[in-house]
Amino acid sequence: MRYGLIVRTAAAAAALTAAGLVHAAENEVVVVPMSYGDGVYFQRDAARILPCEPPTLPVAGGGVTPRVEGLRNSEQVFSKPLRDPRLKLVEDPTADVPSERVTATDFTLYLPWTNEYEELRFFSNQERREANVVINLADAIGTYEAAGGRDQDAPCQYPERLRAERDAIDTPARIDEGLSQAEDQQSD
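First residue of the sequence shown? That's 1298 in the working numbering, and the numbers climb one at a time after it.
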């Protein structure tokens, strides 16, 4: 297991490694911009693969928690539960219903890239049998390899640039704005 990924069969992993299809993916990530609106999940923009460390976020929830699966030749390589992007991160601890889902949101999937899968399937909950969104990674894989794979430049490789961009954001002002919007929604 790596980054919460579950390899379904040891034989499949060994075969991929022997065929030269798997390499040490210490710092590679698949980035998939997604959206949810009008009760539908969809891919907002093209998937990309970057030579960056994927974030590892805790996942909590039950059967209603979304999941993503990676497939190669229609065989499942991994399955990973995700945090529900429709749940608000800031909630009033005294509220009767603290975990209200939003009706529309943009979010991004960040998944470790191991070169073991060529397709991702996003499911809105654990029990769902048919994927809400199917993401073919052929173009992302081709673009990544053409750009030099792990040898290409990526913003995540320059922490000082990322720190400067993060520091340029007025966090207290954004928090105040979010609290103000929440108060406005409660008064409506």
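C-beta atoms are modelled at their ideal positions from N, C-alpha and C, and glycine is treated no differently.
Quick check: what's the CA-CA separation for residue i versus residue j?
| i | j | result |
| --- | --- | --- |
| Ala1343 | Thr1405 | 11 angstroms |
| Thr1314 | Leu1368 | Confidence in Thr1314 is poor, its pLDDT being 38 and thus under 50, which makes the residue's placement too unreliable to answer from. |
| Leu1476 | Tyr1338 | 27 angstroms |
| Gln1449 | Asn1429 | 32 angstroms |
| Phe1419 | Arg1380 | 12 angstroms |
| Ala1401 | Gly1336 | 8 angstroms |
| Thr1440 | Val1365 | 22 angstroms |
| Ile1346 | Asp1403 | 19 angstroms |
| Pro1330 | Cys1453 | 17 angstroms |
| Val1399 | Gln1483 | 14 angstroms |
| Ser1332 | Ala1461 | 28 angstroms |
| Ala1437 | Asp1485 | 44 angstroms |
| Glu1413 | Gln1478 | 43 angstroms |
| Pro1382 | Thr1411 | 24 angstroms |
| Asn1324 | Pro1409 | 8 angstroms |
| Arg1341 | Val1328 | 11 angstroms |
Here's the rule: buried if 16 or more other CB atoms are within 10 angstroms of the residue's CB, otherwise exposed. What is residue i?
| i | result |
| --- | --- |
| Pro1352 | exposed |
| Glu1424 | exposed |
| Ser1421 | buried |
| Asn1433 | exposed |
| Glu1480 | exposed |
| Val1326 | buried |
| Pro1469 | exposed |
Taking 8 angstroms as the CB-CB cut-off, is residue i touching chain C?
| i | result |
| --- | --- |
| Arg1447 | Checking the listed chains, one finds no chain C in this structure; it contains a single protein chain. |
Return the Cβ separation of residue i and residue j in integer angstroms, given the expectation that the two are a contact with Cβ distance under 8 angstroms.
| i | j | result |
| --- | --- | --- |
| Glu1415 | Ala1435 | 6 angstroms |
Identify every run of the alpha helix (DSSP H) within the segment 1398 to 1478, keeping only runs that are complete inside it and at least 4 residues long; order them along the chain.
Runs found: 1435 to 1443, 1456 to 1464.
Just checking, does the segment 1371 to 1378 make contact with the segment 1463 to 1481 on the three C-beta pairs under 8 angstroms criterion?
They do not touch, by the three-pair rule.
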